[in-house]
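Numbering (my numbering), first residue to last: -17 to 134.
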Ligand code: NI
């Protein structure tokens, strides 16, 4: 368990009121929890944008498997990226359409490149990327022992 360190944060009262409404909408139990989440998100986002460090990404895409060459192209690309692809989930949506969820783990630049290449395959109807994980995963994601306790 990570050690919890307290620090003071100053902000304008109007901003704090807005922030409190925000964390209520988002269902956070306290400000600390919300701030920790925002810090983690900022670092994941930075790693993704700057293509630095390790990231984990899930790519979801919908395609028509009857479209000539598409399924082969998708499989070829995944075999080429075998070192980075952790797992693939395939769901047959109806007679023609398939959903594939591909989980990638590796350095941000290659994960990003593979994810974009998958989505760019001609005939992919819809898709998106959810990126998570960061450099120093244990440091950033380590849950503090008393992280669920409310602020005083
Ligand atoms: Ni299918």
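Don't be surprised by glycine CBs; every beta carbon is placed ideally from N, CA and C.
None of these values were measured; they are calculated from a predicted model.
Inter-residue spacing [alpha-carbon to alpha-carbon] between residue i and residue j
i: residue -6; j: residue 0; result: 10 Å
i: residue -3; j: residue 4; result: 10 Å
i: residue -8; j: residue 2; result: 14 Å
i: residue 63; j: residue 84; result: 11 Å
i: residue 113; j: residue -10; result: 30 Å
i: residue 10; j: residue 25; result: 19 Å
i: residue 19; j: residue 101; result: 28 Å
i: residue 28; j: residue 79; result: 34 Å
i: residue 8; j: residue 22; result: 16 Å
i: residue 93; j: residue 115; result: 12 Å
i: residue 35; j: residue 111; result: 17 Å
Proximity of residue i and residue j at Cβ, strictly below 8 Å
i: residue 87; j: residue 66; result: yes
i: residue 50; j: residue 103; result: no
i: residue 105; j: residue 59; result: no
i: residue 74; j: residue 82; result: no
i: residue 91; j: residue 33; result: yes
Residue environment, residue i, which counts as buried when at least 16 other CB atoms sit within 10 Å
i: residue -13; result: exposed
i: residue 77; result: exposed
i: residue 31; result: exposed
i: residue 109; result: buried
Per the contact definition of three or more C-beta pairs closer than 8 Å, is the segment 37 to 55 in contact with the segment 97 to 109? yes
Closer than 8 Å is the cut-off here; do at least three beta carbon pairs connect the segment 44 to 61 with the segment 10 to 22? no
Enumerated in chain order, which unbroken segments of the beta strand (DSSP E) with a length of 3 residues or greater are wholly contained in the segment 86 to 119? 106 to 114
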